[in-house]
Structures are given as structure tokens and as C-alpha cells.
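**Q**
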Amino acid sequence: MESNKKIECVLTEELNEAKYQHPLRFNYKINGIMNTWEVMLYYDCVEILIFNITRNVFIFVKQFRPPVYLNKLLRENNLLSECLKKIERKYYLKDLLNDKTILPASHGYTIELCAGLIDRKDTALNIANAEVFEEVGYSVKTKNMHKINTYVGFRSCTGLLGNETSIYFAVVEDCDKTSPGGGIGNENIEIIEVAETEMENFIKCTPNIPNVLHFSYM
293 MESNKKIECV
303 LTEELNEAKY
313 QHPLRFNYKI
323 NGIMNTWEVM
333 LYYDCVEILI
343 FNITRNVFIF
353 VKQFRPPVYL
363 NKLLRENNLL
373 SECLKKIERK
383 YYLKDLLNDK
393 TILPASHGYT
403 IELCAGLIDR
413 KDTALNIANA
423 EVFEEVGYSV
433 KTKNMHKINT
443 YVGFRSCTGL
453 LGNETSIYFA
463 VVEDCDKTSP
473 GGGIGNENIE
483 IIEVAETEME
493 NFIKCTPNIP
503 NVLHFSYM
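When the letters of the sequence shown are read in order and numbered with the numbering used here, they come out as residues 293 to 510.
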């Protein structure tokens, strides 16, 4: 279980070149008045709520999310706001990560919808289908992948991200399971199944659930 896994914080460093995101300062004028805002450019993405009609279960993915873990680690030590002050950041991180009281790995695990970035030239629908197969091992028939809507800044606040999230509802059967899933590389995705009758209690009682999971089930 993830609660037994040991986390070793090997290194933190300033991110000058990023693979998936790009921070910048956006200067603009409204009615002649100059404004400045910090913006994070990020890929649009897809998220898929999956329901297996053979056994009446919803299917989610569970994985370790480093940003969740690091933020919780800083928060637990009352260092989050101090760490955001650039002049003190390295000191606080070095001090904290050398501390022997590192939080258990369980604090960084989240249960989420199957999801992926739109980081190649393809339709959101095709990418959604590919992510379902890659992460949970189901081959979804096109007629069973239903788009709910596309929203702006859904994974985070619109004050930082302006990317779009397209949400789909996928209906699958046991016979559609053609691969073990689990993601690629070192994603180490665990597949979680929740009975339809247990969903409300699951959402109410499970920690580290992103808001998009709440919304998509409504």
C-alpha cells in the first residue's frame, strides 16, 4: 500500500526550462491603465468519467502527485507562504527536506478521473480514448464516449491557468477490458473501482479528490 512506501526528497531546484508548463509575466492595458499578472501557460487536457455497466462501478485512477505532496509537506510545517518568497525559498526547502519527519507517501496520492494532456495534433476525443486504454485498459467504442462540456481553468484557478479541460463520460463493459492499464513509464497508476451505490459516500469521505471528479459525477 502507498502508506508503506518511503519518500526520499532527493532534490528541489528552480525550474528554468519546463516540459509541460511555462510561467510568464503578462503586461497589459485596460482602459489605458497598465496591469501586470503572473500566468502559467499549460496544455489543454481531457478528463474522463468512466462507468462499467457490467458491474455498475465507476472507474478512477490513483497515483502519486508530487505537487500535492510537496504543498502538504510545506503546509504541515507552516512554511508554504514563506517558501513562496523567493529570497527565502531555498533556505526553507533545504531545511525542510533535510528533516527526518518527512510525511508518508500516502499524503501525495490522489484519486482522479482518467485524464491526459492534449499535447499532440489530434482531436480531444481521440486523446480521451487513448488515455482510457493507457490508464485503465478499456477500449471504448466511439458511440460510448460522450462529451459533457469544455471548461476554462477547471484543473486550477482561472487566476493562474486559462487552459481548457474537455470532460467526457465513457460507458464500458467487462468485455472492453483488453489491457491491464496502469499508465506508461513510471506513472504507476492504480485502478480504483467504486460501486454506483457507494459514490456519494466515497466523494464525501475520501481525501485528495480533485474538484473535477465531484463536478463530473453531479
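Here a beta-carbon is modelled for each residue, glycine too, at the ideal position from N, C-alpha and C.
1. Spell out a yes or no on whether the stretch 348 to 357 and the stretch 484 to 496 are touching, meaning 3 or more CB-CB pairs, one atom from each, closer than 8 Å.
2. Pick helix, strand or coil for Thr328, following the three-state DSSP scheme.
3. From what residue to what residue does the beta strand (DSSP E) around Leu316 run?
4. Just verifying my parser: in three-state terms, what is the DSSP assignment at Tyr335?
5. Quick one: give me the first and last residue of the beta strand (DSSP E) that Glu485 is part of.
6. Measuring straight from C-alpha to C-alpha, what distance separates Ile342 and Asn327?
7. Quick one: Cα of Ile410 to Cα of Asn421, how far?
8. If you follow the alpha helix (DSSP H) that Glu426 is in, where does it begin and where does it stop?
**A** Inspection of the coordinates gives the following:
1. Touching, per the Cβ criterion.
2. strand
3. Gln313 to Ile322
4. coil
5. Glu482 to Ala487
6. 42 Å
7. 12 Å
8. Ala416 to Val428
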